[in-house]
Amino acid sequence: MTTRRTYVTTTIPYVNARPHLGFALELVQADVLASHRRHRGDEVRLLSGTDDNSLKNVLAAEARNVPVAEFVDRNARAFAALGTPLALSLDDFIRTSADPRHRVGVEWLWRRCAAAGDLYRKHYEGLYCVGCEQFYTPAELVGGRCAEHGTEPQPVAEENWFFRLSRYTDRLYELISSGALRVEPAARRNEVLALVAGGLHDFSVSRSHTRARGWGIPVPGDPGQVVYVWWDALGNYVTSLGLGTDDPTYSRWWEGSTRRCHVVGKGVVRFHAVYWPAMLLSAGLPLPTDVLVHDYLTVDGRKISKSGGATVDPVELVAAYGTDPVRWWLLRDVPRVGDADFTRERLLARADADFAGGLGNLVNRVVTMAHRFRDGRLRRAAPAAGGAGRPAAADGAEAAAVAGTERLAAVCHRVRGDVDAALEDFDFRRATAAVWRVVEEANRCVDVTRPWELAKAERAGDRRAGARLDAVLTALVDACRVLADELGPFVPESAARIAAQCAETDGRLPAARPLFARLGEAAG
Numbered sequence: 001m002t003t004r005r006t007y008v009t010t011t012i013p014y015v016n017a018r019p020h021l022g023f024a025l026e027l028v029q030a031d032v033l034a035s036h037r038r039h040r041g042d043e044v045r046l047l048s049g050t051d052d053n054s055l056k057n058v059l060a061a062e063a064r065n066v067p068v069a070e071f072v073d074r075n076a077r078a079f080a081a082l083g084t085p086l087a088l089s090l091d092d093f094i095r096t097s098a099d100p101r102h103r104v105g106v107e108w109l110w111r112r113c114a115a116a117g118d119l120y121r122k123h124y125e126g127l128y129c130v131g132c133e134q135f136y137t138p139a140e141l142v143g144g145r146c147a148e149h150g151t152e153p154q155p156v157a158e159e160n161w162f163f164r165l166s167r168y169t170d171r172l173y174e175l176i177s178s179g180a181l182r183v184e185p186a187a188r189r190n191e192v193l194a195l196v197a198g199g200l201h202d203f204s205v206s207r208s209h210t211r212a213r214g215w216g217i218p219v220p221g222d223p224g225q226v227v228y229v230w231w232d233a234l235g236n237y238v239t240s241l242g243l244g245t246d247d248p249t250y251s252r253w254w255e256g257s258t259r260r261c262h263v264v265g266k267g268v269v270r271f272h273a274v275y276w277p278a279m280l281l282s283a284g285l286p287l288p289t290d291v292l293v294h295d296y297l298t299v300d301g302r303k304i305s306k307s308g309g310a311t312v313d314p315v316e317l318v319a320a321y322g323t324d325p326v327r328w329w330l331l332r333d334v335p336r337v338g339d340a341d342f343t344r345e346r347l348l349a350r351a352d353a354d355f356a357g358g359l360g361n362l363v364n365r366v367v368t369m370a371h372r373f374r375d376g377r378l379r380r381a382a383p384a385a386g387g388a389g390r391p392a393a394a395d396g397a398e399a400a401a402v403a404g405t406e407r408l409a410a411v412c413h414r415v416r417g418d419v420d421a422a423l424e425d426f427d428f429r430r431a432t433a434a435v436w437r438v439v440e441e442a443n444r445c446v447d448v449t450r451p452w453e454l455a456k457a458e459r460a461g462d463r464r465a466g467a468r469l470d471a472v473l474t475a476l477v478d479a480c481r482v483l484a485d486e487l488g489p490f491v492p493e494s495a496a497r498i499a500a501q502c503a504e505t506d507g508r509l510p511a512a513r514p515l516f517a518r519l520g521e522a523a524g
C-alpha cells in the first residue's frame, strides 16, 4: 500500500509585534490537521515561520528606535517559541530574513518566472496600504479606507517590476471551480471565483530599494529594487524545502506529496488562492491542493491584531490555564465560518464543562467502578457463538445493558470516520463534536445500565448480572480508550492522561485519580 504524504503549512506572520491569539488559532488548526494525518498513518511535514522582510516591520522598528535586524530577531524568536506552550508538532520553521534557504529559492523562482516572460517593468501610481503590503484601487476601499485595517492607503508613485497575473485568469478559474485547487469553506471559494471572474490585473512584485529602506531581498539583476514582500513570503512554502538547490526535500515534500495544504486567514485568501498559484503556474511547479481558510478571533467585536490594539497573548493564557484548555477552546468554540469573540470567561467555562465535568468525570467514574466492582481487573467475555447479540429471553435489565453497550460500541465505531470527514471539510468544531458524542453516549450507557445495581444483583447470586456487569465495564473502559486515541491530535496532554488512566499493568487498571481541576474555581 502506498503511504500518503501530507504537507501542511501556516502563513508566516509579520513580526512587527509579538504574537497574538489569532495566529495561535491558525497554528493549532494546522497542528491538528498534521497530527491527525500522522495518527492515521500518513507521512507528514508541518511548516511555520515568520515574514521578516516587510516594510511594516521596518516602520515598527523605526518607531521604537531599534535597529531593524535586532527588532526582527527579537520578535521572530517569540513566534518560534510558540511551539512549546501550544504543544505544536512543527517539523520546520523558516525565517525569511535569516534562513539561507530562503533567498536562494526566491531568486530561483524570480528567474524562472522571468524566463517565462511574466515579469516586466513599468511606472505605477496607486494607493498602498502598509498594513496589507498591497496596492488598492479606489473601488476596493471602504469610505477611502482599507477594509482590513481601517486606514487610508498612502499614494505611491514609482517604477516597479510587475507580474503578468492577467495571463492566468482562465486557468485559475478552471482550477478553483473544478476543485483541482480546493478552497474551503465554500463561502471563501465563491469569493475567490468572483474575484477571478471579475478579471485579474497584473500586480507589482518589487519595491524601490529606497522605499523599502534597503530591507529585503534584492531583485536578481536589479539591485535598485527589492522583491515585494508577498512574492518573497509566499515562496517560503517551497524555499523551506530547498527549491533551487539539489536538496531532495523539495521533490519529496512538494512534488511528492499527496496533499499540499495551506492554512490561512480570510484576509490573505487572494494571495494564497490567486497570486501564489499563478506564480507556480508561471514557474512550472505543482500547485497546492488545498487552501483552508479560517475567519478571525475578536475581542469585544474587534479583530485581534498586532497593530490594531485588540490583542490576547497566547503564552500568558497557557501560563495561566494550561495548553489544552487554550487549544480546546480554539477548536471546540471557533466556528468554521464566522468570527469568534474571545473572553477568558468562555475559555474557563468550556474547560470546566468539558474537561473537569465531562472527560474527567467520565474517566474517574468508570475507573472507580472498575476498582469497586472488579478490583480494577476487566473480564472480557468470549464472543457468543455465531455472533449472537441480545439474548432472546433477556429480562428488562439485561436488555437495557445489552442495548446500552451496543449503542456505545456503535458510536465508538463511527467516531473515526466522523472525525476524518469533519477535518477533511476543515471543520474543527464538527470534529470535536464527533469525539464528544462518545463522552455523551458513555455517560448515557452508565445511566441506562446502572452498574451498581448489576453488582448488587451479582452479590445476591445472579450470575447473569455479573456477566452483564463485566460487559458494561469493558465497554466503558474501551470507550475511554477510544477517547484518548481520538483526542490525541486535539489535546495531546489530556489524551495522554486519559490513556494512562486506562492502561492496564499486569491486567489491572491504575487507581482512579482526578485528571482535571476546575479552572474557574482556581481563577476565582
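Per the numbering used here, residue 1 is the first one in the sequence shown, and the count goes up by one each step. For each residue, glycine too, the CB sits at the ideal point set by N, CA and C.
- For D425, the secondary structure class from DSSP, reduced to helix, strand or coil, is coil.
- Leaving aside the five residues that flank T50 on each side, the residues in its chain whose CB is nearer than 6 Å to its CB run, in chain order, I12, V15, A76, F79, R95.
- Annotation: the continuous beta strand (DSSP E) that includes D92 extends over 92–95.
- For N364, the enclosing alpha helix (DSSP H) starts and ends at 361–374.
- Taken in chain order, the unbroken stretches of beta strand (DSSP E) that lie wholly in the segment 195–220 and span 3 residues or more are 206–208.
- When secondary structure is reduced to three states using DSSP, V337 falls in the coil class, being assigned neither helix nor strand.
- Of M279, L181, V438, V291, the smallest CA-CA separation from G117 is found for M279.
- The Cβ neighbour count for S48, taken over all protein chains shown within 10 Å, is at least 16; the residue is labelled buried.
- If you look at E255, you'll find it isn't in any alpha helix (DSSP H); DSSP assigns it neither H nor E.
- Annotation: the continuous beta strand (DSSP E) that includes Y128 extends over 119–129.
- Rounded to the nearest whole angstrom, the CA to CA distance from P19 to E316 is 11 Å.
- In this structure, DSSP gives R64 a state outside helix and strand, which the three-state scheme calls coil.
- Here A353 is exposed: its Cβ has fewer than 16 other Cβ atoms, across all protein chains shown, within 10 Å.
- The closest CA to that of H39, considering only N57, W215, K56, T6, is found on T6.
- Under DSSP, the beta-bridge partners assigned to D222 are V219.
- With respect to T298, D333 sits apart: the two C-beta atoms are not nearer than 8 Å.
- Every alpha helix (DSSP H) of 4 residues or more that sits fully in the segment 1–83 is shown, in chain order, as 21–39, 55–63, 68–80.
- Counting every other CB atom within 10 Å of its CB across the protein chains shown gives T343 a total below 16, marking it as exposed.
- Using a Cβ distance threshold of 8 Å, W161 and S206 count as a contacting pair.
- The bridge partners DSSP lists for D290 are R182, C261.
- Rounded to whole angstroms, the gap between the alpha carbons of E107 and D247 is 16 Å.
- Taking A400 as the centre and dropping the five residues before and after it, the same chain places the C-beta of V448, T449 closer than 7 Å to its C-beta, in chain order.
- The distance from the Cβ of A60 to that of A98 is about 17 Å, inconsistent with a contact at the 8 Å cut-off.
- DSSP places E158 outside any alpha helix (DSSP H); the residue lies instead in the beta strand (DSSP E), whose first and last residues are 154–163.
- Of L25, P335, R213, G126, the smallest CA-CA separation from P155 is found for G126.
- Proximity of the segment 400–411 to the segment 473–488 meets the contact definition, three or more beta-carbon pairs being nearer than 8 Å.
- Annotation for T239: the continuous alpha helix (DSSP H) segment containing it runs 236–239.
- Here R518 carries a coil assignment [DSSP, helix/strand/coil].
- Under the DSSP assignment, T323 falls in the alpha helix (DSSP H) whose first and last residues are 323–332.
- Bridge partners of Y168 according to DSSP: none are assigned.
- Relative to the Cα of L241, the nearest Cα in the group L234, G235, A233, Y250 belongs to Y250.
- Note on geometry: alpha-carbon atoms of N443 and L362 lie some 7 Å from one another.
- For T298, the secondary structure class from DSSP, reduced to helix, strand or coil, is strand.
- As the crow flies, the alpha-carbon of A115 is around 12 Å from that of R164.
- Here DSSP, grouped into helix, strand and coil, assigns T245 to coil.
- If you draw a straight line from the Cα of R111 to the Cα of P220, it is about 7 Å long.
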